[in-house]
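Presented below is the structure to which this report refers.
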Amino acid sequence: MESLKVALVFNHVEKSIQVADQLKHLLVTSGNQIDQDNPDIVISIGGDGTLLSAFHLYSHKLDQVRFLGVHTGHLGFYTDWRDYELEELVDTLCNNQEANVSYPLLDIVIQYRDDRADKHFLALNESSIKSIHRTMVGEVFMKEQFFESFRGDGLSVSTPTGSTAYNKSIGGAVLHPSIEAIQLAEIASLNNRVFRTIGSPIVVSKEDWIEIKLPQGSECLITIDQFNIQQEEVASVIYRVAEEKIRFASYRHMDFWHRVREAFIGEHQRRNEI
Ligand code: NAD
């Protein structure tokens, strides 16, 4: 049995702090090391937001790191393990290192009008562009071809696993995470006799990319998962399916549609009318 280097990322909820202490003890007594700088496995303890933070802390090491989420609140989309299953978790982690699953990520490049270098980011859920002061104006290009002029509150581009997050709230479709694609969804677009957009979410394959060009002088807010960055003089933002993927360790298979049902429909029973 190979010793693992494990990093723990947890939120400040008391339950999560307790779970982190218990997990640390179990990991070390079973011959593993805690290594926050150079881990093989990153365990997040908390909710989906904690897993997002863990992803961004280690997103420069995706080729060597696998993630695992323990939830101390409601069942999450990225958190498979419960806080009372820690012994089983450590045992599975040590003895069954093959049960991995990987999910697509969103690649984001921000280009500027001035001589600033392009900025590159990865998102696990989504990135959105919103205007700070006025209606957002942008031109959408698909693979260098003009597609539409957009006016409205903003645009969001999400990953398949992010499709159940902000994307769903703005009317985007829920995408199965085995589909290597990204989804463009509108946030309150202006549609009338003068302005016209497609008006529905669009799913783009990994061979395509989306470019959103912004007008000169615009100030925008670009969100990347839980982060907001205020930007001036952005020329365009390019979105595509990333080359990199996030890998999850000791993945417990829960049918995706079952998880979606649990999260969004819950206790509502079948009415047996059919
Ligand atoms: P947060 O951590 O408080 O998360 C907000 C909610 O989104 C939580 O209930 C979380 O469980 C849920 N969530 C996160 N990722 C999810 C996913 N992939 N599928 C289903 N639910 C998911 O908020 P934060 O840290 O500021 O932002 C993190 C994420 O929260 C963002 O990436 C965004 O997708 C989401 N969010 C959604 C809305 C909305 O739906 N209106 C608003 C803000 C943020």
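Per our numbering, the sequence shown starts with residue 4, numbered consecutively. Note that beta-carbon positions come from the ideal geometry of N, C-alpha and C, so glycine has one too.
| Query | Result |
| --- | --- |
| Distance, Phe259 Cα to Trp212 Cα | 26 Å |
| Near the ligand NAD: Gln229 beta-carbon under 7 Å from a heavy atom | yes |
| Span of the alpha helix (DSSP H) around His261 | 259-267 |
| 8 Å Cβ shell around Ala184 - same chain, five flanking residues per side excluded | Pro107, Pro163, Leu178, Val206, Val207, Ser208, Lys209, Val244 |
| Sheet register partners of Ile225 (DSSP bridge) | Ile132, Ile232 |
| Start and end residues, alpha helix (DSSP H) containing Lys209 | No alpha helix (DSSP H) contains Lys209, which DSSP labels as neither H nor E. |
| Backbone CA spacing between Ile44 and Arg137 [nearest angstrom] | 44 Å |
| Heavy atom of the ligand NAD within 7 Å of Phe58 beta-carbon | no |
| Opposing strand residues paired with Ile37 [DSSP bridges] | Val9 |
| contact_flag[the segment 102-116, the segment 168-177] where n(CB pairs < 8 Å) is 3 or more | no |
| Rounded Cβ spacing between Ile241 and Val112 (contact assumed at less than 8 Å) | 4 Å |
| Helix, strand or coil at Gly165 [DSSP, three-state] | helix |
| Beta-ladder partner(s) of Ala245, from DSSP | Paired residue(s): none; Ala245 is not in a bridge. |
| Sub-8 Å separation of Asn103 and Ala252 beta-carbons | yes |
| Beta carbon of Gly155 nearer than 8 Å to that of Ile132 | no |
| Own chain partners of Lys18 with C-beta closer than 6 Å, once the 5 adjacent residues on each side are dropped | Thr75 |
| C-alpha gap between Gln39 and Leu55, whole angstroms | 16 Å |
| Cβ neighbour criterion (16 or more within 10 Å) applied to Tyr87 | exposed |
| Extent of the continuous beta strand (DSSP E) to which His123 belongs | 122-126 |
| Residue range of the beta strand (DSSP E) that includes Ile278 | Absent from the structure is residue 278, since the part of the chain shown begins at 4 and ends at 277. |
| Reduced DSSP secondary structure (H/G/I, E/B, other) of His270 | Sequence inspection shows Glu at residue 270; the His mentioned does not correspond to that position. It is coil, neither helix nor strand. |
| Contact test: Asn128 Cβ vs the ligand NAD heavy atom, cutoff 7 Å | yes |
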